[in-house]
Every structure is written in C-alpha cells, then in structure tokens.
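Chemist: According to this note's numbering, the sequence shown is numbered sequentially starting from 4.
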Amino acid sequence: MNKLYPLGEQAIVISFGDKITPELNDRVLALQQLLLTKKFSWLKALVPAYASLTVHYDSSKVDFTYLSQLLEEQIKAIDVLTLPEGRLIEIPVRYEGPDIQEVLEYTGLTKEELIFRHTEPEYRVYMIGFSPGFMYLGGMNPQIACPRKAVPRKSVRAGAVGIAGEQTGVYSMDTPGGWQIIGHTSVTLFSLREGALAKAGDLVRFFAK
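What follows is the structure, encoded as structure tokens:
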C-alpha cells in the first residue's frame, strides 16, 4: 500500500512499504526515473531510500494536494517501466582492519571464512546517504553480522570497510563512526569533481587484495 505524506512544506515522501527488498527498491527507482523524464518545472530534487522516494518541490508552483494527486497517477505508470541494469563496481579490500579480530571472536569464524563470506555476494546499492557517496548495501551474509561498537570512533578514515549489524559498507569520507572496521580500500567513493562513485540500483562486489 503506497503512502504519501508531507515532509515540511516543500517535500512529499512516497512510501512503498516498510521492508528492505529489491522489489520495493525497484519501484522507488522506477518512479525516480519516470519523474526525471517528465522535467516538471516544480521539481527540485529526488531522494531515493530503501522503500521510499522523497520529492522536493517548489511550493510557489504547486501545492501539496495537487501534487499528491499527480504523484498517485505517476505511480500507476511505473509497473510497465524497465529499469536500466545497474553497474557492477568491484572494490579491492585489504582485510586488516582494527576491528577484524573482534568480529572474528563474535562470529566464531576464521579470517579466511570471514573474507570468503564478505566477498561472495553481489551487494545491491539501495541508497546513498549518511555522507556523500556512502553506499547502503543489501545482501550481506548474516553469518558475519556483528553489532556496532559500543563507543563510536571520533574519526574513521575514508575507504574503511565496516560491518554494523547485518549491513556492510565503505566510509566515503573521514567521519565519526561506530561500525566494526574489517578492512580498507584505496577506491575513492566520492570527490567534488567526480561526485559519487555509485548510485542506487548499482551492484558492488568486494575482493581481497
């Protein structure tokens, strides 16, 4: 069941559900693609998430009631859309992070088993957030899940590969963070000149360096 609700005075959130699934995320990305092709004059920005799309609009050109009705009509059209295939991004990782021993002790795995389970999947990029270029990835093997650190670090350097709960990701910038750092990559995820390396709908595969 789709839900539309305001986010402040110039944004609408369109929610397709409360689960993290490729099917719901596909609907988010399909609606994003459709709205971008329309080139609406009131459209300021689109922010995709796991199962929702936030539409930022110019309230001097359109109001919430009219826009809600228009978006409901656009949603009806997305089922016939074909999304372009996401790009596969391969990221080399040196698995020598400061928290790898803690993760091994928590999971009961050997280092070789941890690396195998972390590099085996193709991860889906569900959304970009937290910091510019940071990828929220889905598809991690639950056998390597590990809680966040009790006390976050004040600074985690860009390129750090971490695990938090059943998520894995790569820090795109030097920021505070509480993820368990199991490795590091030299790949740049974000730059002011090039922007973000990945976008929602892309795929990521890690490999041991």
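Even for Gly, the Cβ is constructed at its ideal location relative to N, Cα and C.
Give the range of the alpha helix (DSSP H) segment to which Val239 is assigned.
Modeler: As shown, the chain starts at 4 and ends at 212. That puts residue 239 outside it, with no answer to give.
Chemist: Identify every run of the beta strand (DSSP E) within the segment 55-101, keeping only runs that are complete inside it and at least 3 residues long; order them along the chain.
Modeler: Listed in chain order, they are 55-60, 91-96.
Chemist: Tell me whether the beta-carbon of Leu49 lies closer than 8 Å to the beta-carbon of Ile15.
Modeler: For the purposes of this step, residue 49 is taken as the residue at position 46 of the sequence shown. For the purposes of this step, residue 15 is taken as the residue at position 12 of the sequence shown. For Leu49 and Ile15, no; Cβs fall outside 8 Å.
Chemist: Taking all protein chains shown into account, do 16 or more other C-beta atoms lie within 10 angstroms of the C-beta of Ser194, making it buried, or fewer, making it exposed?
Modeler: Translated into positions along the sequence shown, residue 194 becomes position 191. When all chains shown are included, Ser194 counts as exposed.
Chemist: Fully enclosed by the segment 158-196, which beta strand (DSSP E) runs are 3 residues long or longer?
Modeler: Listed in chain order, the complete beta strand (DSSP E) runs (minimum 3 residues) inside the segment 158-196 are 163-167, 170-173, 178-180, 183-187.
Chemist: Look at the alpha carbon of Val96 and the alpha carbon of Gly165, and state the distance between them as a whole number of angstroms.
Modeler: Within the sequence shown, residue 96 is the residue found at index 93, counting from 1. Within the sequence shown, residue 165 is the residue found at index 162, counting from 1. Taking the straight line joining both Cα atoms gives about 11 Å.
Chemist: Leaving out five residues before and five after Pro124 in sequence, what residues of the same chain have Cβ atoms less than 8 Å from its Cβ?
Modeler: The residue labelled residue 124 in the question sits at position 121 within the sequence shown. Excluding positions up to five away in sequence, the list reads Gly142, Met143, Asn144, Arg208.
Chemist: Tell me the DSSP secondary structure of Ile147 in three-state form.
Modeler: If you number the sequence shown from 1, residue 147 lands on position 144. Of the three classes helix, strand and coil, the one that applies to Ile147 here is helix, per DSSP.
Chemist: How many Å lie between Ile118 and Asn5 at the Cα?
Modeler: The residue labelled residue 118 in the question sits at position 115 within the sequence shown. The residue labelled residue 5 in the question sits at position 2 within the sequence shown. Whole-angstrom Cα-Cα distance: 39 Å.
Chemist: If we count Cβ pairs, one from each stretch, closer than 8 Å, do we get three or more for the segment 29-41 versus the segment 83-92?
Modeler: Contact holds: three or more Cβ-Cβ distances are below 8 Å.
Chemist: Starting from the Cα of Leu7, find the closest Cα among Ile103, Thr57, Leu39, Leu38 and give me that residue.
Modeler: Within the sequence shown, the letter at position 4 stands for residue 7. Here the closest residue by C-alpha is Thr57.
Chemist: Helix, strand or coil for Ile118, going by three-state DSSP, please let me know.
Modeler: If you number the sequence shown from 1, residue 118 lands on position 115. Helix, per DSSP.
Chemist: Thinking C-alpha only, which one of Asn28, Ile185, Thr68 is nearest Asp82?
Modeler: As a working mapping, residue 82 is identified with position 79 in the sequence shown. Comparing Cα positions, the closest option is Asn28.
Chemist: Alpha carbon to alpha carbon, how far is Met130 from Ala199? Give it in angstroms, no decimals.
Modeler: Within the sequence shown, residue 199 is the residue found at index 196, counting from 1. Within the sequence shown, residue 130 is the residue found at index 127, counting from 1. So the alpha carbons of these two residues sit roughly 12 Å apart.
Chemist: Going by Cα to Cα distance, which pick from Lys152, Ser62, Ser55 is closest to Phe43?
Modeler: Indexing the sequence shown from 1 puts residue 43 at position 40. The candidate whose alpha carbon is nearest that of Phe43 is Ser62.
Chemist: Express the C-alpha separation of Phe67 and Glu76 in angstroms, rounding to a whole number.
Modeler: Along the sequence shown, one-based indexing puts residue 76 at 73. Along the sequence shown, one-based indexing puts residue 67 at 64. Taking the straight line joining both Cα atoms gives about 14 Å.
Chemist: Using DSSP's beta-bridge definition, name the partner residues of Phe133.
Modeler: Mapped onto the sequence shown, residue 133 falls at position 130. Answer is none; Phe133 lacks a bridge partner.
Chemist: Can you give me the C-alpha to C-alpha distance between Gly204 and Ala153, rounded to a whole angstrom?
Modeler: Within the sequence shown, residue 204 is the residue found at index 201, counting from 1. Within the sequence shown, residue 153 is the residue found at index 150, counting from 1. Their backbone Cα atoms lie some 32 Å apart in a straight line.
Chemist: According to the Cβ coordinates, are Ala211 and Tyr98 closer than 8 Å?
Modeler: The residue you call residue 211 lines up with position 208 of the sequence shown. The residue you call residue 98 lines up with position 95 of the sequence shown. Cβ atoms of Ala211 and Tyr98: closer than 8 Å.
Chemist: May I ask you to report which of helix, strand or coil DSSP gives Pro124?
Modeler: For the purposes of this step, residue 124 is taken as residue 121 along the sequence shown, with counting starting at 1. Coil at Pro124, not helix or strand.
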